[in-house]
Structures are given as C-alpha cells and as structure tokens.
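The numbering of the sequence shown is numbering that gives the first Met the number 0, which starts it at 0 and goes up by one. Worksheet: one structure, shown below.
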Amino acid sequence: MKLWGGRFSKSTDKSVDDFNSSIRFDQRMYRQDITGSIAHAKMLGRQGIIEKSESDLIVKTLGEILDDIENGKVEFLIDAEDIHMNVETILISRIGDTGKRLHTGRSRNDQVALDVRMYLRDEADELNEMLDEILETILNVSEENIETIMPGYTHLQKAQPITLAHHFMAYYEMFKRDKERLCDWRKRVNVMPLGSGALAGTTYPLDREFVASELGFDSVTKNSLDGVSDRDFVCEMAFVLSVIMMHLSRFSEEIILWSSNEFGFVDLDDAYSTGSSIMPQKKNPDVAELARGKAGRVFGDLMGLLTVMKGLPLAYNKDMQEDKEQIFDALDTVKMCLPVFCGMLKTMKIRKENMLNGAKGGFTNATDVADYLVKKGLPFRDAHGVVGRMVAYCLDKDMALDELTIEEYKTFSEIFEEDVYEAISLKTCVNLRTVTGGPAFETVKKVIEGYKK
Ligand code: ARG
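Dropping the structure here:
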C-alpha cells in the first residue's frame, strides 16, 4: 500500500505509477533528502514532538540507509514514487512504527523544496570550482601572450591590432561575472523552507531556525505558500547556466574559426580534436562545436522551466516535479562542458606568427595613421579622409600602409614625415592604447597581475 493509501480503495494503475513516479531522476537527491530528514528528526526530538529515543533511532537508521545507498545496497521502487517516499519506506521497513513518526510536521511539498535547494547549493559549489579552473586557465594563457599581437575584429572584419592576452582576458571578465552571478544566486537559494508544511505551515512547535542552522542555511522562508511554491531559484540558476553557456559558445565559435585553415591562429591538440571517417586530412574542433551546440539545450531548459511555472496557481502543483530533469540536464551539461573546454584551451598551440601576419593585413593600423595626422594638427575628419584615400591607393597596389615610401605618403599629405613608420607599427598601435581597459602590453600585464593576487 502507498504511504498515502488510506483513503483509496483501489491500487494505482501501473501506467499512472510509471507516469507519476520521479524516482528515476530525483534519486540523485538522496543525500540531501536524508540529511534534511536527519535535521528534521533531531529537531522533533529536541522539541519533544517525538520521544528523544525515537529521534535518536531515526537519525541513526537514516545514517545507515545513507551508507547503504552509497554502497549500492539499496534498490529504489517505482511505486514508492519519489526519493522522499522511497527513503521513508525503507526507514519504516527497518524500524517500524518509530519510522512512521519522521514525517510529523512535514509535507513532501516543503521537503522537496528543501531537497532541491540543498542539491543545487551543493552543485553550485562544484560549478564554482570549475569556473575557477577556467578563469585560471585563461589567466595562464594570457600571461604567456601579453605580447602576442593579433587582429581585433568588428563585424568579423579586421579592425585594430590587439593582443591575444587582451582578447582572452575579455573572456576572463565574462566568466568572472558568471561566478559573481552564482555567488549572488546563492544568497537567495540559501533560505530554508521546511516548516511550510503542505502550504499552510504546521501546528507543531517546530524550531525552524535550528533546522536551518543544522543544514547551513542563512535564514528561513517567511511565507509558507511561497516556501513550497517558489522555484525562482531553479529558474535563476538555469539563467546563470545559460549565460555561462552563451559565453562558452562565443568562445567556441572563435576557436572554431581560429583553427580553420583560413585563420590558422591556433592548432588544437590531437587529444582534443577528432578526425573524419572519410577525409584523411581532417582534424575537427568537435569539442568547441559541441560546447556551442549544447548552449542550445541549456537555453531550452531555462525556457522549459519558465514555461512550467508561468501558469501555476499557489501553492504546490505536481507540474513542479518537471523542474528537476530540466535543471539537472542544464547542470550536467555545463559541468560536462567546462572541464573539457579547459583541457582544449590548455593544450592548444597558439600560432603567434599567423596572428601577427593577420594583424598586418587588413589595414588594422589605419586609425593610427589618422591619429598621427591629428597629433600633427589636422582635424580628425580630414585625417580620416586622407587615410581613406591612402587605403584605396594601397588596395589598388596590393600594399600595406607601412609599405608606402615617404614620397608616396607625401602625395597624400605634406604633414607625413619619416617618424610615421614608427608611429604606425603594430607594436606602437597596441602600446599607445594604455587607457584603462586597453590592450597595451603593460596595461594588460597589470590587469593579469591584479587578478593573480
Ligand atoms: N516528487 C514530487 C516533486 O518532485 C515531490 C512533491 C510531491 N508532493 C505532492 N503533494 N504530490 O515535486
């Protein structure tokens, strides 16, 4: 018979059991479920709601069940529906009537709200470490490439010279914000819902603060309806995960472009690329492509979660069971992507020569030629026009701006002198940009040093 079977005269249809049951996917919360129950049982004993000896026996047995699950000695049952009732069923099978007292002053509605919060909190700690790893990887690659000049792009057209360190450190900023978002999210997840009961709290003198402190929560929820029906923290985590994937996907896109024959900026390690079953010459950036592709599924999880929640009246509705597979999928996906992406970054070879050559083409120093004229007194708009005509001339002759002779320069403006060559060298172009946030070697170096501390 079901734990809730009292008012029923028929057993559940097999198809309903299969349909209703969440044990397939919520069993991964077994540790949080048992830890939460242990805290609840201790509190019941302390408050005299159940006998101290019964509380002790429940706590001890729950500990044993936890060990048994961890050692693969427990088989969960589909018709016990979910992890909460599976654990309770096992408890009752081991200690009988005493086990039946655990659920006093509690509902599965506040229990699942607790479990999900605790599970996501634990996952977030792991995710945080993974973000640290990608930040460190980016920092290391950047540190080795402070002077690696490459073209910067807008519209995917060569724009101005920058450095690889500067480019990578842009991703550092993104993943750093992701980490901050996760930290901020933690404040809102770390509120303890037990005591909300099914929806309207409970008549027992629960010590919610005790349970909260046992379980490492900062505070307790302030409204029992909200306590059982809030899944904002699930949606919000899916959003944080989506932004991480969006960043990873943009980064992937660049690695894919850069590893192409046309760019040739990086060479992926054999261990982090794959071949073709038909074309013997191929080496494909599958890791980056999959990370880019998997962004789509995490965005889908976010959209799915928001859609599940949008029409639900207060308080608990079974629809909310659908939160789990989506947030688990999003988490699993991000946790799968980050480490392998780091491995790819750590092992890929940077082809500095090709990056430099890339920066030499495409007139990336054209702005600096104009700035040269401005510094010698020409208004910027006039300078812009002069250099535009020079670019057209160079395109016609298939030359770069710094390949023109000084005589040719002078045909465009009398202002040009020999010092123009130095002023528009790629290195000068980069190193004059010492503005805060700019790509100058020393400027980026200081940023990197600041983050290393
Ligand atoms: N398995 C359920 C879920 O994940 C647990 C809560 C069930 N509560 C209920 N009243 N049926 O949402």
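Every residue gets a Cβ at the ideal spot worked out from N, C-alpha and C, and that includes glycine. Keep in mind the model is a prediction, meaning the values are calculated, not measured.
For Met42, the enclosing alpha helix (DSSP H) covers residues Tyr29 to Arg45. Distance from the CA atom of Thr346 to the CA atom of Leu267, rounded to whole angstroms, is 7 Å. Distance from the CA atom of Val429 to the CA atom of His165, rounded to whole angstroms, is 10 Å. Thr363 and Met149 have their alpha carbons spaced roughly 10 Å apart.
Where Gly151 is concerned, the enclosing beta strand (DSSP E) starts and stops at Ile148 to Thr153. If you compare the alpha carbons of Lys374, Glu416, Met278 and Val239 with that of Ala329, the shortest gap goes to Val239. The way I'd put it, the region 80 to 100 doesn't touch the region 123 to 143; fewer than three beta-carbon pairs between them come closer than 8 Å. The beta-carbon distance between Arg116 and Val188, rounded to whole angstroms, is 5 Å. This is short enough to meet the 8 Å contact definition. In this structure Ile161 is buried. Its beta-carbon is surrounded by 16 or more other beta-carbon atoms within 10 angstroms. Bridge partners of Gln156 according to DSSP: Thr153. Under a 10 Å Cβ-count criterion, Pro284 is classified as buried, with 16 or more other Cβ atoms of the shown protein chains found around its own Cβ. Contact between the region 332 to 340 and the region 239 to 252 is present, with at least three C-beta pairs closer than 8 Å.
Taken in chain order, the complete alpha helix (DSSP H) segments of 4 or more residues contained in the region 297 to 353 are 322 to 346. Here the C-alpha atom of Asn356 lies approximately 31 Å from the C-alpha atom of Met244.
Residue environment analysis places Val307 among the buried positions, since at least 16 neighbouring C-beta atoms fall within 10 angstroms of its C-beta. Boundaries of the alpha helix (DSSP H) harbouring Ser92: Ile82 to Ile94, taken from the DSSP string.
If you keep only unbroken beta strand (DSSP E) runs of at least 3 residues inside the region 99 to 148, you get nothing at all.
Residue state for Ile49 is assigned as coil, using DSSP reduced to three classes.
At a Cβ-Cβ threshold of 7 Å, Lys444 and Phe24 do not count as neighbours. The ligand ARG has no heavy atom closer than 6 Å to the beta-carbon of Asp177. Contact between the region 244 to 256 and the region 205 to 225 is not established, with fewer than three Cβ pairs separated by less than 8 Å. Using a cutoff of 6 Å, the CB of Asp81 counts as near the ligand ARG, since one of the ligand's heavy atoms is closer than that. Buried is the label assigned to His83, since at least 16 other Cβ atoms lie within 10 Å of its Cβ. Every alpha helix (DSSP H) stretch that sits fully inside the region 374 to 429 and reaches 4 residues is listed by chain position as 379 to 396, 405 to 411 and 419 to 422. Nearest C-alpha to Val190 among Lys178, Gly196 and Arg207: Arg207. By the Cβ criterion, the region 118 to 128 is not in contact with the region 192 to 205, since fewer than three pairs of Cβ atoms, one from each stretch, lie closer than 8 Å. For Asp16 against Asp78, the beta-carbon gap comes to about 5 Å, under 8 Å, which counts as contact.
With a cutoff of 7 Å on beta-carbon distance, Ile423 and Leu372 are scored as not near each other.
Selection Leu301, Ser228 and Glu261 evaluated against Leu311 yields Ser228 as nearest (Cα-Cα). Around the C-beta of Lys41, 16 or more other C-beta atoms lie within 10 Å, and the residue is accordingly described as buried. Residue nearest to Cys234 within the set Phe167, Ile326 and Ala211 is Ile326 (criterion: CA-CA distance). At a cut-off of 6 Å, the beta-carbon of Arg120 does not count as near the ligand ARG: no heavy atom of the ligand is closer than that. In the structure shown, Thr442 falls within a helical segment according to DSSP collapsed to helix, strand and coil.
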